[in-house]
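Residue numbers (the numbering used here): 302 to 533. Note that beta-carbon positions come from the ideal geometry of N, C-alpha and C, so glycine has one too.
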């Protein structure tokens with residue numbers, strides 16, 4: 302049985318990843334920050350273990366990983382965004398977006414390294430976005446963090462490959478999660494029409510890509526677009 306740790310596992314893409322890896326028989330541990338009720342629902346439905354932990358807090362992350370022990374897969378889904386003009390974005394919001402979306406990867410990868418290095422194998426999957434590839438108006442901070450995730454993924458793939466650890470990335474497009482809750486239905490319909498496959502994505506679409514990358518033994522440093530062809 303493999304052990305898979307998933308951050309941001311209480312909602313959206315993270316919750317779909319928890320379900321996917323639990324369904325295939327993994328021991329799944331997921332981290333979440335605030336939504337205790339959602340975390341309990343995911344844990345009950347999947348049999349996964351939930352740990353309340355802010356991924357931007359290095360000490361809390363170290364404690365969480367110390368309690369997990371052996372580790373095969375690390376899936377880094379935790380992420381936040383703020384929509385609006387850069388001139389209206391507070392410095393506090395800018396710092397928090399980077400703390401969760403970028404520093405959170407640093408803290409979790411660093412905490413996972415002892416288990417990975419002891420085993421001399423492992424798989425890490427990060428989550429960027431198509432906006433990390435091409436940028437998005439009114440999402441400057443989010444786009445910047447997701448671009449950083451891609452660069453960090455490639456750097457870690459080179460750094461950790463000799464130790465048997467693969468690092469890959471998924472870059473989702475328009476995925477129907479809580480992040481889309483404030484988007485008008487007609488806007489979502491228009492985005493679906495602009496997508497070559499004719500629909501917006503589901504969290505399960507991304508989870509399937511994560512499962513593939515976790516098991517793809519000769520793939521590292523790749524960014525797998527899961528956007529239905531919206532960005533090619």
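Please state if the CB of residue j and the CB of residue i are separated by a distance shorter than 9 Å.
| i | j | result |
| --- | --- | --- |
| residue 412 | residue 462 | no |
| residue 402 | residue 473 | no |
| residue 346 | residue 508 | no |
| residue 510 | residue 305 | no |
| residue 330 | residue 350 | yes |
| residue 365 | residue 332 | yes |
| residue 338 | residue 354 | no |
| residue 448 | residue 477 | no |
Could you spell out the range, first to last residue, of the beta strand (DSSP E) harbouring residue i?
| i | result |
| --- | --- |
| residue 424 | 423-428 |
| residue 500 | Run containing residue 500: none; DSSP gives neither H nor E here. |
| residue 375 | 374-377 |
| residue 350 | 350-353 |
| residue 305 | 304-308 |
| residue 527 | 524-527 |
Hey, residue i and residue j are a contact pair by Cβ (cut 8 Å); roughly how many whole angstroms apart?
| i | j | result |
| --- | --- | --- |
| residue 550 | residue 377 | Residue 550 is absent from the model: the chain starts at 302 and stops at 533. |
| residue 315 | residue 356 | Actually they are not in contact, since the Cβ atoms of residue 315 and residue 356 sit about 11 Å apart, beyond 8 Å. |
| residue 450 | residue 429 | 4 Å |
| residue 531 | residue 488 | Not really, about 14 Å apart at Cβ, beyond 8 Å. |
| residue 372 | residue 323 | Wrong, their Cβ atoms sit about 16 Å apart, outside the cutoff. |
| residue 313 | residue 486 | The Cβ separation is near 18 Å, so there is no contact. |
| residue 362 | residue 427 | About 15 Å separates the two Cβ atoms, so there is no contact after all. |
| residue 425 | residue 457 | 7 Å |
| residue 455 | residue 499 | The Cβ separation is near 31 Å, so there is no contact. |
Just curious, the alpha helix (DSSP H) that residue i is in, first and last residue?
| i | result |
| --- | --- |
| residue 435 | 431-435 |
| residue 477 | First-last for residue 477: undefined, no H or E at that position. |
| residue 333 | Not the alpha helix (DSSP H): residue 333 falls in the beta strand (DSSP E), residues 328-333. |
| residue 473 | Run containing residue 473: none in the alpha helix (DSSP H); it sits in the beta strand (DSSP E), 466-473. |
| residue 388 | Residue 388 -> no alpha helix (DSSP H), and no H or E assigned at all. |
| residue 401 | Unbroken run through residue 401: none, as it is neither H nor E. |
| residue 439 | No alpha helix (DSSP H) holds residue 439; DSSP gives it neither H nor E. |
| residue 406 | 405-420 |
Straight-line CA distance for residue i to residue j?
| i | j | result |
| --- | --- | --- |
| residue 495 | residue 370 | 45 Å |
| residue 466 | residue 420 | 9 Å |
| residue 383 | residue 367 | 32 Å |
| residue 375 | residue 310 | 12 Å |
| residue 446 | residue 398 | 7 Å |
| residue 386 | residue 442 | 10 Å |
| residue 444 | residue 396 | 14 Å |
| residue 433 | residue 483 | 21 Å |
| residue 479 | residue 440 | 16 Å |
| residue 512 | residue 321 | 8 Å |
| residue 453 | residue 328 | 27 Å |
| residue 422 | residue 379 | 23 Å |
| residue 533 | residue 336 | 35 Å |
| residue 471 | residue 414 | 21 Å |
| residue 520 | residue 464 | 14 Å |
| residue 481 | residue 326 | 31 Å |
| residue 436 | residue 352 | 33 Å |
| residue 342 | residue 348 | 10 Å |
| residue 506 | residue 400 | 26 Å |
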